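Note that our numbering numbers the sequence shown so that position 119 is 139, with each residue one more than the last.
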Amino acid sequence: MAAMTLLIRAATLDDHDALIAQIWTLNCFEQELTHDRRTDLAGARETLTDMIAAASEDGALLVAEQDGTVSGHLCLLYQSDDAYVIEELRDHALISSLFVNEPWRGKGIARGLIAHAEALCKARGVQRLRLFTLSGNARARHIYEEAGFSVQGLDMVKPLTS
Numbered sequence: 021m022a023a024m025t026l027l028i029r030a031a032t033l034d035d036h037d038a039l040i041a042q043i044w045t046l047n048c049f050e051q052e053l054t055h056d057r058r059t060d061l062a063g064a065r066e067t068l069t070d071m072i073a074a075a076s077e078d079g080a081l082l083v084a085e086q087d088g089t090v091s092g093h094l095c096l097l098y099q100s101d102d103a104y105v106i107e108e109l110r111d112h113a114l115i116s117s118l119f120v121n122e123p124w125r126g127k128g129i130a131r132g133l134i135a136h137a138e139a140l141c142k143a144r145g146v147q148r149l150r151l152f153t154l155s156g157n158a159r160a161r162h163i164y165e166e167a168g169f170s171v172q173g174l175d176m177v178k179p180l181t182s
């Protein structure tokens with residue numbers, strides 16, 4: 021059996037439906053962990069609109085494609101920290117979204133997307149790449165740790181409703 025070719029490229033309008041489906045699937049998965057995600061398609065469409073706007077301003081929305089099928093995506097945003105961070109480390113990039121469709125998981129697609137994002141960052145002179153993952157998403161955390169990410173902080177939430 022021939023190996024499938026992984027193509028990582030900038031997202032286009034032709035990817036819209038695939039990206040909506042991926043965002044919706046991710047929201048449904050994360051809803052089980054956080055109980056605060058929208059699980060309607062309108063929410064996925066709005067999220068994609070926001071993602072495109074942010075990436076267009078200063079970033080990139082990438083898709084992974086195998087034989088014409090969009091198997092995953094990564095949204096990369098360039099940001100700058102406040103003055104309390106050492107000046108040469110202030111500019112960084114954030115992976116704001118990373119998703120791989122279920123049939124394609126475990127095939128190196130997330131690693132390929134991350135490697136592509138790292139190459140974009142290095143070409144721009146960015147020295148740090150950040151991301152956020154939910155504490156209950158053990159598989160994602162394992163992938164990120166294998167890719168060289170380490171925990172630097174802890175995001176905590178306290179509901180204020182009874």
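Cβ atoms here follow ideal geometry from the backbone N, Cα and C, with glycine treated the same way.
Note that the structure is a prediction, hence the values are computed from the model and not measured.
Closest Cα partner of residue i within the set the options
i	options	result
VAL83	CYS95, THR45 and LEU109	CYS95
LEU68	ALA137, ARG110, LEU33 and GLU50	LEU33
MET176	ILE129, PHE152, ALA143 and GLY88	PHE152
ILE28	ILE163, GLY88 and ILE40	GLY88
ALA113	TYR98, ASP56 and GLN86	TYR98
ASP111	VAL146, LEU118, ALA135 and GLU165	VAL146
ASN121	GLU85, GLU107 and GLU165	GLU85
Residue i vs residue j beta-carbon contact at 7 Å
i	j	result
SER91	TRP124	yes
GLY53	LEU154	Reading the sequence as shown, one finds Leu at residue 53 and not Gly. Yes, they are a contact pair.
ILE43	ALA75	no
LEU149	CYS141	yes
LEU46	HIS93	no
For residue i: DSSP bridge partner residues
i	result
ILE28	ALA84
GLY145	Paired residue(s): none; GLY145 is not in a bridge.
GLN51	Partner(s): none; GLN51 has no beta bridge.
LEU151	ILE115
C-alpha gap between residue i and residue j, whole angstroms
i	j	result
ALA139	SER182	46 Å
ALA137	ASP102	23 Å
THR25	GLY128	11 Å
VAL184	ALA31	This structure does not reach residue 184, given that the chain is present from 21 up to 182, and the question cannot be answered.
LEU109	ARG144	13 Å
MET21	LEU81	Residue confidence is low: MET21 scores 47 on pLDDT, short of 50, so the model does not pin down where it sits. Its coordinate-derived value is still stated next. Spanning the two alpha carbons is a distance of roughly 31 Å.
ASP35	ARG131	20 Å
ASP56	CYS48	10 Å
GLU50	ARG159	13 Å
ALA41	PHE169	27 Å
ASP78	MET71	11 Å
LYS178	ALA135	35 Å
ILE115	VAL105	19 Å
TYR164	LEU180	31 Å
LEU174	LEU118	19 Å
ASP37	ALA73	17 Å
GLU166	GLY126	13 Å
Residue i Cβ short of 6 Å to the ligand ATP heavy atom set
i	result
ALA137	This structure does not include the ligand ATP; it has no bound ligands of any sort.
Along the chain, which unbroken stretches of the beta strand (DSSP E) at least 3 residues long are found entirely within the region 70-119? 79-86 and 89-100
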